[in-house]
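Novice:
In the working numbering, the protein residues as written are -19 to 60.
Structure follows, in structure tokens:
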């Protein structure tokens, strides 16, 4: 079973990388750009028979390694 995990900064947390990309886009003439937010995406293959078990293990992985719960939100999609 595979899971796609998307991790992004919570609302209100500054995103310097997104801000720099926005500035560069404006300098390149893309005047309609309002905001740029960055996110990280991971695809993890996991050996679980039940979808619920896979989700719980992926949540544990996110909480212990991939995401900082103070500043990040994450979303998990199981790809079967």
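Positions of the beta carbon are idealized from the N, C-alpha and C atoms, including for glycine.
Answer yes or no: do residue 1 and residue 16 have a C-beta to C-beta separation smaller than 7 angstroms?
Specialist: Their beta carbons are under 7 angstroms apart, which means residue 1 touches residue 16 by this criterion.
Novice: So the beta strand (DSSP E) residue 53 belongs to, where does it begin and stop?
Specialist: 52 to 59
Novice: Mapping DSSP to helix, strand and coil, what is residue 38?
Specialist: helix
Novice: With three or more beta-carbon pairs closer than 8 angstroms as the criterion, would you say the stretch 30 to 37 touches the stretch 6 to 22?
Specialist: no
Novice: Checking the sheet assignment: what are the DSSP bridge partners for residue 1?
Specialist: Paired residue(s): none; residue 1 is not in a bridge.
Novice: Under 8 angstroms by Cβ, that's how I've got residue -15 and residue 46 pegged, so tell me the actual separation to the nearest angstrom.
Specialist: 6 angstroms
Novice: According to DSSP, is residue 44 part of a helix, a strand, or is it coil?
Specialist: helix
Novice: Using the C-alpha atoms, what's the distance from residue -19 back to residue -8?
Specialist: 34 angstroms
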